[in-house]
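Top line first, the protein sequences correspond to chains A and B.
Under my numbering, think of the first position of the first sequence as 223, with each following residue one higher.
Under my numbering, think of the first position of the second sequence as 291, with each following residue one higher.
Here is the structure we will look at, set down as structure tokens.
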Amino acid sequence: MGLAISALIFFASRLSPIDPINSLIPPDSAIDPANLAKLRQQLGLNDNIFIQYFHWLKEMLVGNFGYSIQNGQKISDILAQRMPATLELVLSALILSTLFSLTLGLFAGANRGGFADKLSRVLAVIGISVPDFFIGIALLNVFAYRLGWLPTGQRISPGETTLWQRMPHLVLPVATLTFAMLAVLIRYTRNSVLDTLNKDFIKTARSKGVPEWKVLWSHVFRNSLGPVMVILAFRLPLLFGGSVLVESVFQWPGIGSTIVSAVTASDFPVIMVISMIVATAILVSSFMVDIIKSILDPRVRLGGSVTS
Amino acid sequence: MSSKKLKVAREDSTLRILLRQFLKNPAGVAGLAIVTLMILGAIFAQQVTGYDQAAFDVTASFHSPNWHHLMGTDQLGSDIFARVLYGGRASIYIGVLSSLLGNLIGTFLGATAGYIGGKFDAILMRISELVMTFPQLILVLICVSLLGQGVNNVILIFAMTGWMTTFRLVRGEFFSLREEAFVEADRAFGFSKSRIIFRHMLPNTLSPIVVAFTVNTAIYIIAEAGLSFLGLGVPITTPTWGNLLAAAQSPVVVNQYWWLWVFPAIAIMAFVFGVNFIGDALRDVLDPRQRTASIKRTLLSKIIPGRSSKKGNS
């Protein structure tokens with residue numbers, strides 16, 4: 223599977239009509255065609271496409287990701303530099319949005335038509351109708367510029383600063399991303415809770431005289447978690463690229479802004495490495511989904527294919 | 291008396307009943323009104339605002355909203371109201387066309403996979419799963435790096451990365467339709483596969499496809515805005531809502547010239563709200579499980595007055 227994706231990405235990038243050499247040297251510059259040919263030779267752009275592919279794959283497997291066409295930096299260096307920024311942003315947003323939507327979804331499902339239910343509906347409508355980067359811009363305008371309470375994002379690199387100094391810079395980007403991730407998960411939790419509430423064992427528990435909060439906590443909530451966990455595992459790939467727009471709004475130096483600048487400059491080596499990382503994350507997460515399913519539901523056996 | 295009323299109801303075509311159902315839904319009507327108004331505004335942008343697409347006036351740059359410029363002006367002195375309306379042309383065009391194309395792909399694949407099943411279906415399912423788990427924006431960006439920018443490329447990329455929901459929907463419907471008696475009868479008649487799939491089975495899945503079309507249109511309009519905001523969607527020379535929002539890439543604009551990004555965003559939200567309202571109303575009206583119920587309700591309401599106020603729970 224991973225091999226198929228890598229081949230697809232590689233050959234597609236080679237078949238693209240965009241010539242990577244153009245981003246290195248402007249096509250209208252007066253450069254000697256002989257030198258240009260020599261450069262192509264050096265960059266290995268003239269080799270047979272299959273040889274190029276296996277060469278690239280071999281280097282990828284031993285951890286040599288190659289060099290960026292834009293500035294000649296080592297791609298592994300770029301990743302090492304940018305990855306922590308994205309991880310810290312997306313991980314906090316993932317945790318916060320999960321906690322928030324699980325709580326809200328539980329209350330919304332348990333008390334249909336109540337305040338939490340209404341709030342979750344409003345959030346769901348906003349979540350699908352408002353572009354998330356617009357929320358970021360609006361937050362930036364209000365809290366950073368008008369009120370001046372918070373800095374405008376722009377991560378301070380760790381090292382010379384304390385965690386306390388860096389925290390305020392995280393608030394707005396994380397808030398935006400959290401909000402963007404909420405809607406789907408709330409709706410999912412709510413529906414899952416409603417499903418569970420209709421099951422017979424809830425009736426049994428209630429008729430046994432178990433207090434309502436205990437029914438909700440130890441019967442409903444636990445059994446509703448299954449499908450929600452699956453959604454969460456599917457969100458794992460977001461760690462490596464779920465924050466492109468938010469990073470752009472807050473000038474956050476993460477993977478998202480790296481891929482944007484790479485696409486702008488047709489920097490294929492960088493694009494290919496990042497997409498390979500995302501693809502790997504997808505494979506890992508779908509593997510995790512299978513494991514979670516088998517833990518939660520003993521009827522699902524690992525090994526056989528699961529069709530849903 | 292009741293038999294006379296029933297006769298009146300029978301003369302109504304299904305379409306008219308559906309239309310009446312739709313018009314009874316206030317949110318749906320409001321959505322339809324918003325969307326129609328905005329499309330008309332985009333078409334007649336010149337007549338509505340009195341400004342040309344490329345009109346600018348450098349002496350009037352960064353005016354805040356006033357009577358001459360209802361939504362203010364940008365750094366070149368172009369009228370924002372005019373640009374928002376002109377931007378609607380490309381944005382709505384991209385949203386509708388990508389949704390149409392994506393739905394076509396999804397419907398075709400879903401119908402064939404759902405009918406044929408087996409390995410073909412398993413492979414397509416696997417592919418759709420893969421595309422769905424890929425963070426969508428990253429996938430779109432990879433495609434942009436391969437195909438380049440431009441309105442048509444954006445439409446093509448959106449369709450290629452967004453056919454999965456329709457595919458799964460149609461496939462599921464076909465799975466259950468496959469066992470129906472009329473399909474078996476078709477097979478017994480010896481009709482060709484394509485005739486059974488596209489002439490006989492497909493019309494039965496039309497309503498969820500229509501609903502998916504509206505929902506996807508809304509999604510693509512937001513996606514276009516995001517892509518153009520990054521400067522990787524439609525080239526900046528064509529105004530779209532996303533390209534207008536891209537002005538907010540500059541901190542000065544975010545800080546001081548709020549009208550440059552608030553109004554395009556309002557345009558996007560209004561249109562998306564409208565489309566989603568239409569989609570919800572259509573779902574209520576068209577959902578086959580609810581349709582029988584609602585037609586019965588219309589019929590009943592003609593016999594027993596007072597039954598009409600009873601509404602189904604969504």
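Beta carbons are placed, not taken as given, at the ideal position from N, Cα and C, and that holds for glycine.
| Query | Result |
| --- | --- |
| Can you grab the Cα-Cα spacing for the pair L404(A) / G408(B), in whole Å? | 37 Å |
| Does the pairing of the segment 443 to 457 of chain B with the segment 477 to 494 of chain B give three or more beta-carbon distances under 8 Å? | no |
| Using a C-beta cutoff of 8 Å, does F356(A) count as contacting chain B? | yes |
| Let's test the definition: count the other Cβ atoms within 10 Å of the Cβ of A402(A) and tell me whether it reaches 16, buried, or not, exposed. | buried |
| Less than 8 Å between CB atoms is the rule here; does A244(B) satisfy it with respect to chain A? | No answer is possible for residue 244(B): it lies beyond the span of chain B, which begins at 291 and ends at 604. |
| Any beta carbon from chain A within less than 8 Å of S435(B)'s own beta carbon? | yes |
| When you compare each of A403(B), L375(B) and T304(B) to F338(B) by their alpha carbons, which one comes out closest? | Here the sequence assigns Val to residue 338(B), which means Phe is not the residue at that position. Among A403(B), L375(B) and T304(B), the Cα nearest to that of V338(B) belongs to L375(B). |
| In chain order, what residues of the segment 543 to 573 of chain B put their CB closer than 7 Å to some CB of chain A? | V544, N545, W548, W551, A555, I558, M559, V562, F563 and N566 |
| Touch check for the segment 382 to 402 of chain B and the segment 439 to 453 of chain A: three-plus C-beta pairs under 8 Å? | no |
| In whole angstroms, what is the alpha-carbon distance linking M494(A) and K296(A)? | 14 Å |
| Residues in the segment 410 to 422 of chain A with C-beta within 8 Å of chain B's C-beta atoms, listed in sequence order? | none |
| Nearest chain B C-beta to T164(A) closer than 8 Å, yes or no? | Within the shown structure, residues of chain A are numbered from 223 to 530, placing residue 164(A) beyond reach of any answer. |
| Can you tell me which of T527(B), W531(B), T528(B) and L550(B) puts its alpha carbon nearest to the alpha carbon of A538(B)? | L550(B) |
| So if I threshold CB-CB distances at 9 Å, which residues from the segment 307 to 340 of chain B count as touching chain A? | none |
| Does the beta-carbon of E434(A) have 16 or more other beta-carbons within 10 angstroms, so that it is buried, or is it exposed? | exposed |
| What are the complete alpha helix (DSSP H) segments, minimum 4 residues, inside the segment 458 to 510 of chain B? | 471 to 479 |
| Can a CB atom of chain B be found closer than 8 Å to the CB of V468(A)? | no |
| Is DSSP giving T528(B) helix, strand or coil here? | coil |
| If distances are taken between C-alpha atoms only, which option among V482(A), D299(A) and R409(A) comes closest to V471(A)? | V482(A) |
| Starting from G331(A) and walking both ways along the alpha helix (DSSP H), at which residues does that stretch end? | I297 to A332 |
| Grouping DSSP H, G and I as helix and E and B as strand, with all else coil, what is Y275(A)? | helix |
| What are the residues that DSSP puts in a beta bridge with Y289(A)? | K296(A) |
| Put D512(A) into one of helix, strand or coil per three-state DSSP. | helix |
| At 8 Å on the CB atoms, spell out the chain B contacts of S507(A), in chain order. | T423 |
| According to the Cβ coordinates, are G288(A) and P491(A) closer than 8 Å? | yes |
| Taking only beta carbons into account, state which residues of the segment 446 to 473 of chain A come closer than 7 Å to chain B, listed in chain order. | F456, P459, L460, G463, G464, V466, L467 and S470 |
| Is it buried or exposed for W548(B), if we count other Cβ within 10 angstroms and need 16 for buried? | buried |
| Check whether chain A comes within 8 Å of A515(B), counting only Cβ atoms and requiring the distance to be less than that. | yes |
| When you compare the CB of I493(A) with every CB in chain B, is at least one pair closer than 8 Å? | yes |
| Closer than 7 Å by C-beta to F232(A): which residues in its own chain qualify, once you throw out the five before and the five after it? Chain order, please. | Y275, W278 and M494 |
| Alpha carbon to alpha carbon, what distance is there between A515(B) and T530(B)? | 8 Å |
| Should V386(B) and T507(B) be called a contact, given that it needs their Cβ atoms to be closer than 8 Å? | yes |
| Quick check on DSSP: helix, strand or coil for D369(B)? | strand |
| Less than 8 Å between CB atoms is the rule here; does P475(A) satisfy it with respect to chain B? | no |
| For chain A, find out if any of its Cβ atoms is closer than 8 Å to the Cβ of G521(B); answer yes or no. | yes |
| For I362(A), which residues in chain B fall below 9 Å Cβ to Cβ? | The residue asked about is misnamed: residue 362(A) is Leu in this sequence, not Ile. Those are A538, P541, V544 and N545, listed as they occur along chain B. |
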